[in-house]
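Counting in this note's numbering, the final residue of the sequence shown is number 504, and the numbers go up one at a time with none missing.
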Amino acid sequence: MKREAMLAVAADPGRHWDLLVIGGGATGLGIALDAAARGHAVLLAERDDFAKGTSSRSTKLIHGGVRYLQQGQLALVVEALEERGRLCRNAPHLVHRRAFIVPSYAWWESPFYGIGLKLYDLLAGRHGFAPSRHLSRKEVIAALPGIATAGLSGGTRYIDGQFDDARLAVALAQTAAAKGATLVNYCPVVAVRKADGKVCGAVLRDAESGTEFAVTAQVVINATGPFCDAVRRLDNPQAAPLIAPSQGTHLVLPRRFLPGDSALLVPRTADGRIIFIIPWQDRVLVGTTDTPVDQATPEPRAQAAEIDFLLTTANRYLASPISRDDILSVFTGIRPLVSGDGATAGLSREHTLLVDPQSGLLSIAGGKWTTYRRMAEQAVDLAQRLGRLPAEPCPTADLPIVAASVAEPSPPLHPGLPLTAGEVRRACREEMARRVEDVLARRSAYLLLDAAAAINIAPAVAGLMAEELGRDAAWVEREVAAFTALAAGYLPPAAGKMA
Ligand SMILES: Cc1cc2nc3c(=O)[nH]c(=O)nc-3n(C[C@H](O)[C@H](O)[C@H](O)COP(=O)(O)OP(=O)(O)OC[C@H]3O[C@@H](n4cnc5c(N)ncnc54)[C@H](O)[C@@H]3O)c2cc1C
Numbered sequence: 006m007k008r009e010a011m012l013a014v015a016a017d018p019g020r021h022w023d024l025l026v027i028g029g030g031a032t033g034l035g036i037a038l039d040a041a042a043r044g045h046a047v048l049l050a051e052r053d054d055f056a057k058g059t060s061s062r063s064t065k066l067i068h069g070g071v072r073y074l075q076q077g078q079l080a081l082v083v084e085a086l087e088e089r090g091r092l093c094r095n096a097p098h099l100v101h102r103r104a105f106i107v108p109s110y111a112w113w114e115s116p117f118y119g120i121g122l123k124l125y126d127l128l129a130g131r132h133g134f135a136p137s138r139h140l141s142r143k144e145v146i147a148a149l150p151g152i153a154t155a156g157l158s159g160g161t162r163y164i165d166g167q168f169d170d171a172r173l174a175v176a177l178a179q180t181a182a183a184k185g186a187t188l189v190n191y192c193p194v195v196a197v198r199k200a201d202g203k204v205c206g207a208v209l210r211d212a213e214s215g216t217e218f219a220v221t222a223q224v225v226i227n228a229t230g231p232f233c234d235a236v237r238r239l240d241n242p243q244a245a246p247l248i249a250p251s252q253g254t255h256l257v258l259p260r261r262f263l264p265g266d267s268a269l270l271v272p273r274t275a276d277g278r279i280i281f282i283i284p285w286q287d288r289v290l291v292g293t294t295d296t297p298v299d300q301a302t303p304e305p306r307a308q309a310a311e312i313d314f315l316l317t318t319a320n321r322y323l324a325s326p327i328s329r330d331d332i333l334s335v336f337t338g339i340r341p342l343v344s345g346d347g348a349t350a351g352l353s354r355e356h357t358l359l360v361d362p363q364s365g366l367l368s369i370a371g372g373k374w375t376t377y378r379r380m381a382e383q384a385v386d387l388a389q390r391l392g393r394l395p396a397e398p399c400p401t402a403d404l405p406i407v408a409a410s411v412a413e414p415s416p417p418l419h420p421g422l423p424l425t426a427g428e429v430r431r432a433c434r435e436e437m438a439r440r441v442e443d444v445l446a447r448r449s450a451y452l453l454l455d456a457a458a459a460i461n462i463a464p465a466v467a468g469l470m471a472e473e474l475g476r477d478a479a480w481v482e483r484e485v486a487a488f489t490a491l492a493a494g495y496l497p498p499a500a501g502k503m504a
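1) So, using beta-carbon positions, are serine 109 and glycine 160 closer together than 8 Å?
2) Does the segment 136–146 come within contact of the segment 204–221, defined as at least 3 CB pairs closer than 8 Å?
3) Is alanine 228 near ligand 1, with its Cβ less than 7 Å from a heavy atom?
4) Using only the alpha-carbon positions, how far apart do leucine 239 and valine 194 sit?
5) At 3 residues or longer, and completely inside the segment 342–407: list those beta strand (DSSP E) runs for me, N to C.
6) For aspartate 170, does the three-state DSSP call read helix, strand or coil?
7) Return the residue from the list Arg306, Val220 and Ser449 that minimises the CA-CA distance to proline 498.
8) Along the chain, which unbroken stretches of the alpha helix (DSSP H) at least 4 residues long are found entirely within the segment 47–115?
9) Between the segment 23–43 and the segment 395–407, do at least 3 Cβ pairs fall closer than 8 Å?
10) DSSP three-state label for alanine 228, please.
11) On the criterion of 16 or more Cβ atoms from any shown chain inside 10 Å, does arginine 327 qualify as buried, or is it exposed?
12) Identify every run of the beta strand (DSSP E) within the segment 216–292, keeping only runs that are complete inside it and at least 3 residues long; order them along the chain.
13) Between which two residues does the alpha helix (DSSP H) carrying aspartate 477 extend?
14) Where DSSP assigns a beta bridge to tyrosine 163, which residues make up the other side?
15) For arginine 131, report the span of its alpha helix (DSSP H) as first-last.
16) When we look at the beta-carbon of aspartate 23 and count the other beta-carbons within 10 Å, is it buried (16 or more) or exposed?
17) Give the DSSP-derived three-state secondary structure of proline 297 in the structure shown.
18) Tell me the DSSP bridge mates of alanine 207?
19) Which residues mark the beginning and the end of the beta strand (DSSP E) in which glycine 23 is found?
20) Is the beta carbon of proline 303 within less than 7 Å of some heavy atom of ligand 1?
21) Report the partner residues of histidine 139 according to the DSSP bridge assignment.
22) Terminal residues of the continuous beta strand (DSSP E) containing glycine 427?
23) Return yes when the C-beta of serine 63 is under 7 Å from any heavy atom of ligand 1, and no when it is not.
24) Kindly indicate which three-state DSSP category glycine 338 falls into: helix, strand or coil?
25) Ligand 1 and tryptophan 113: does any heavy atom of the ligand fall closer than 7 Å to the residue's C-beta?
26) So leucine 149 is in the beta strand (DSSP E); what residue range does that whole segment cover?
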C-alpha cells in the first residue's frame, strides 16, 4: 500500500464511489474489506493513522467475553465465539490461543466459576478451543508462577484468543487494498456533502498538504467509533448523542510478575468488574477499567484512580508487590458504547446501525474487535439496500487475511525492543506508516510495551523513515520532538502528578 497512489485515486474528480467509509479502525476497515470483496468501489478515509483510535488500545483479546456471560448477554457471547473461531482460521498469524485461569480463594468459587465456564464451552459449541477444567491448587501454582498463594484452593482453566490489534488493522487494510479498496490515512472528513437533503459525499482534507477535495458516493458510512457523534453532527448539527464514551486503562509490567504462559482472570473486582493479568509480547498486561468520560479524545489519558485501582487489584493476586515504578507503559482506550441508562459497565457491547431518516447517513457504533467482521457484513448488507447497489453476498466468513511480508533481516535497534531497520522500512514501503508514532505505536506496539525504550529508539526510527519517505533533517527533529511529547503520556506518572 502506498499513500501517494491511494491519495491520487481518492482525489480523482472523475471517480464516483459506491461507498465512502469514514474511520479506519476495526469497524471501518472491516466494512471496507467486506464491500471491496463484494466488488463495490470503496474509499476509506481515516483522520489519523489506521487504528489510531480504540482499535490499537484494546485488551488484545479475541473472545466471547466471560464478562458478557456474567451479564447474561448470551447471544453476544455466541456470536463472538463463532467469530473467534473464524478469525483464528482466517488470520492464524495474528490470533493465537491463550489459557486463562480463574483462581479460587473461597470454597464456593471453583464450583461457581466452573459452572459458568462450562456454559461458555457449551455456547462455543463446535467453535470451542478446548473444554474448561478444574485445577488443583498445585496445578494453579504451576501454571501461574507469580500468583499469591495464601488461601488459594484451586481454579478453573479455559482457553480464549489473544491477538495483535493494530497489526490486524493493518492486515485488514492490506487485504481490502488487495481487493481493490482505496484507503487513505491522515485524511479527515471535514464536511458532509448533500444533494436534495441526502448525503452524497464528503469533503476530505489531506492532512499532510492541507489540500481539501470533494468526493461523491452512493452511500456514506460513519464508522468513527467514539467520534461517531462528531461526524453525525457534520450531517445534522442537532443530532442527539448516540455514544456514552467510557475509557479503559491498561498497565504494562515486566514479565517477571507473571512468568508462565497462562493468564489470570480476576472474576470480581471491588467495582464488580473483571480484570485480566495477561502475558503479552514478553510483558504482562493488566486491565482494564471502565470510567465514564465526557467526550472522546484521540489521545485519552489514564486517571490516577484507574492506575491505583489496577495496581491494588493486581497486588491482591500477585505474589511480588507491583509499585508504580514497575510500570513500563500505561495506555487507555475509549469504548464507543451506545448510550442507555445506568453505569457504562452495564451498557451493551452490541453494536448499533443507525440510518439518519433525512440524510441517509449510515452510522455504525459499539461492538467489539472480535465481532468486527459480523458488524461489517450487516453494515454492507444495509448499504447495498440504501445505495441500490447490486445485492452481492458477503464473502468474508472464510476469506484469509493477508500476512505481513518478511522484512529485510537486520539487527534490533534497541536491546530491549526487537524492532529492526528492515521492519521500519517495510512499515514505510508497504504499510503506509507516515509518522514515528505509526511505527512505534501500531506497526509495532513498542510504545505500549515500554514507553521509555520507545522514546530512546525514536531518533533511529525517524532517521530511517526520513530515508524512506524523502524527508529532511527538520522533519526528523520535529517527529522526534512530537513522539517524545506523545510518549510522555504513556510513562507511568509520578504519584500526585496524574490527571
Ligand atoms: C479499553 C478497551 C479494551 C477493549 N478490549 C477489547 C478486547 O480485548 N477484545 C475485543 O474484542 N474488543 C475490545 N474492545 C473493543 C474494541 O476495541 C472496539 O470495539 C473497537 O476497536 C472499535 O473500533 P472502531 O473502528 O469502531 O473505533 P476506532 O478504533 O476508535 O476507530 C474510529 C476511527 O475513526 C477515525 N475518525 C474520527 N473522526 C474522523 C473523521 N472526521 N474523518 C476520518 N476519520 C475519523 C478515528 O481517528 C479512528 O481511527 C476494547 C475497547 C476498549 C476501550
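C-beta: ideal position from N, C-alpha, C; glycine also. Predicted, not measured: the structure shown is a model, and the values here were computed from it.
Let me spell this out:
1) Taking the first residue of the sequence shown as 1, we reach residue 109 at position 104. Taking the first residue of the sequence shown as 1, we reach residue 160 at position 155. Yes, the pair counts as a contact, with Cβ atoms nearer than the cut-off.
2) Flag = no, the segment 136–146 and the segment 204–221 do not touch.
3) To locate residue 228, count along the sequence shown from 1; it is residue 223. Annotation for alanine 228 indicates a beta carbon within 7 Å of some heavy atom of ligand 1.
4) Locating residue 239 in the sequence shown gives position 234, where the first residue counts as 1. Locating residue 194 in the sequence shown gives position 189, where the first residue counts as 1. Going by the C-alpha atoms only, they are around 9 Å apart.
5) Taken in chain order, the complete beta strand (DSSP E) segments of 3 residues or longer contained in the segment 342–407 are 357–360 and 367–370.
6) Counting from 1 along the sequence shown, the entry for residue 170 is found at position 165. In this structure, DSSP gives aspartate 170 a helical state, which the three-state scheme calls helix.
7) Reading the sequence shown from its first residue, position 493 is the one you call residue 498. The candidate whose alpha carbon is nearest that of proline 498 is Arg306.
8) For secondary structure counted as the alpha helix (DSSP H) over 4 or more consecutive residues, the segment 47–115 holds these complete runs in sequence order: 71–75 and 79–95.
9) By the Cβ criterion, the segment 23–43 is in contact with the segment 395–407, since at least three pairs of Cβ atoms, one from each stretch, lie closer than 8 Å.
10) Residue mapping note: residue 228 aligns to position 223 of the sequence shown, counting from 1. Judged by DSSP in its simplified three-state form, alanine 228 adopts coil rather than helix or strand.
11) The residue given as residue 327 occupies position 322 in the sequence shown. Looking at the sequence provided, one finds isoleucine at residue 327 rather than arginine. So isoleucine 327 counts as buried.
12) Listed in chain order, the complete beta strand (DSSP E) runs (minimum 3 residues) inside the segment 216–292 are 217–227, 251–259, 268–271, 280–285 and 288–292.
13) To locate residue 477, count along the sequence shown from 1; it is residue 472. Taken as a continuous stretch (DSSP letters only), aspartate 477 belongs to no alpha helix (DSSP H), as it is neither H nor E.
14) In the sequence shown, residue 163 corresponds to position 158, counting from 1. BP columns for tyrosine 163 point to Phe105.
15) The sequence position of residue 131 within the sequence shown is 126, counting from 1. From DSSP, arginine 131 is part of no alpha helix (DSSP H); its letter is neither H nor E.
16) On the sequence shown, position 18 is the one that residue 23 refers to. Buried.
17) Start at 1 with the first residue of the sequence shown, and residue 297 comes out as number 292. Of the three classes helix, strand and coil, the one that applies to proline 297 here is strand, per DSSP.
18) Along the sequence shown, one-based indexing puts residue 207 at 202. As DSSP reads the structure, alanine 207 sits in a beta bridge with Val197 and Val220.
19) For the purposes of this step, residue 23 is taken as residue 18 along the sequence shown, with counting starting at 1. According to the sequence as given, residue 23 is aspartate; it is not glycine. Boundaries of the beta strand (DSSP E) harbouring aspartate 23: 22–27, taken from the DSSP string.
20) Here the question's residue 303 lines up with position 298 in the sequence shown. Using a cutoff of 7 Å, the CB of proline 303 counts as near ligand 1, since one of the ligand's heavy atoms is closer than that.
21) Working through the sequence shown from its first residue, we reach residue 139 at position 134. Its beta-bridge partners are Thr161.
22) Numbered from its first residue, the sequence shown carries residue 427 at position 422. No beta strand (DSSP E) contains glycine 427, which is instead part of the alpha helix (DSSP H) from 426–435.
23) In the sequence shown, the residue the question calls residue 63 occupies position 58. Within the cutoff, so yes.
24) Numbered from its first residue, the sequence shown carries residue 338 at position 333. Correct three-state label for glycine 338: strand.
25) Here the question's residue 113 lines up with position 108 in the sequence shown. Result no, Cβ not under 7 Å from ligand 1.
26) For the purposes of this step, residue 149 is identified with residue 144 of the sequence shown, where counting begins at 1. For leucine 149, no beta strand (DSSP E) segment is defined, and its DSSP state is neither H nor E.
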